[in-house]
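As structure tokens, the structure follows; a few thoughts come after it.
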Amino acid sequence: MPEAPYAYDGLDRVLHERARLSLLTSLAAHPKPLAFADLKQLCGLTDGNLSRHLGVLEEAGLVEIRKGYEGRRPLTTCRLTPAGRQRFVDYLTVLERVVRDAAEAARQGQVDGDPEPLPA
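Taking the UniProt record's numbering, I'd label the letters of the sequence shown as residues 1 to 120.
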């Protein structure tokens, strides 16, 4: 079976979703846990969407969610797990390859005009 150079098997379906990618990027950029309200503002999500996507990430072991209190007020915080951080870095490595390949293919198409035929 021929190699599939554009299969990009490392594009993890759990991570490869706009809202979850936004959440993971926000959490990766902040070494300390972020409050639910902060994540909501950073990612532009509703309470329901944020809860749903955090649940998916938590179930996958990518984030840790803690519920507690700050004084008398309830406080929910979230952080990347070490495994979640590594999986995100691995995902970004594959994504960088996708962008590099796509840019090269697009530039090549502009130079050559017609695409090369696929091998038989």
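Note that the Cβ used here is the ideal one computed from N, Cα and C, for glycine as well. Here the structure is a predicted model, which is why all the values come from computation and not from measurement.
Residues bridged to residue i [DSSP beta-bridge criterion]
| i | result |
| --- | --- |
| Leu34 | Cys78 |
Assigned secondary structure, residue i (DSSP; H/G/I helix, E/B strand, else coil)
| i | result |
| --- | --- |
| Gly61 | coil |
| Glu3 | coil |
| Tyr69 | strand |
| Leu15 | coil |
| Asp9 | coil |
| Thr46 | coil |
Contact check, residue i vs residue j, beta carbons under 8 Å
| i | j | result |
| --- | --- | --- |
| Leu75 | Ala106 | no |
| Tyr6 | Asp90 | no |
| Arg79 | Val56 | no |
| Thr77 | Pro33 | yes |
| Ala83 | Gly61 | yes |
| Arg73 | Asp12 | no |
Supposed close pair residue i, residue j - CB separation, criterion 8 Å
| i | j | result |
| --- | --- | --- |
| Ala28 | Arg85 | 7 Å |
| Glu59 | Ile65 | Actually they are not in contact, since the Cβ atoms of Glu59 and Ile65 sit about 11 Å apart, beyond 8 Å. |
| Arg97 | His53 | Not a contact, Cβ separation roughly 25 Å. |
Own chain, CB closer than 8 Å to residue i, minus 5 neighbours either side, in chain order
| i | result |
| --- | --- |
| Thr93 | Gly10 |
| Lys40 | Thr46, Asp47 and Leu50 |
| Tyr69 | Leu75 |
Proximal residues to residue i (C-beta, below 6 Å), its chain only, five neighbours per side dropped
| i | result |
| --- | --- |
| Ser22 | Cys43 |
| residue 124 | Residue numbering for the chain in the displayed model covers 1 to 120; residue 124 lies beyond these limits and cannot be assessed. |
Same chain, Cβ closer than 7 Å to residue i, five either side skipped, listed in chain order
| i | result |
| --- | --- |
| Ser26 | Leu34, Leu39, Leu42 and Cys43 |
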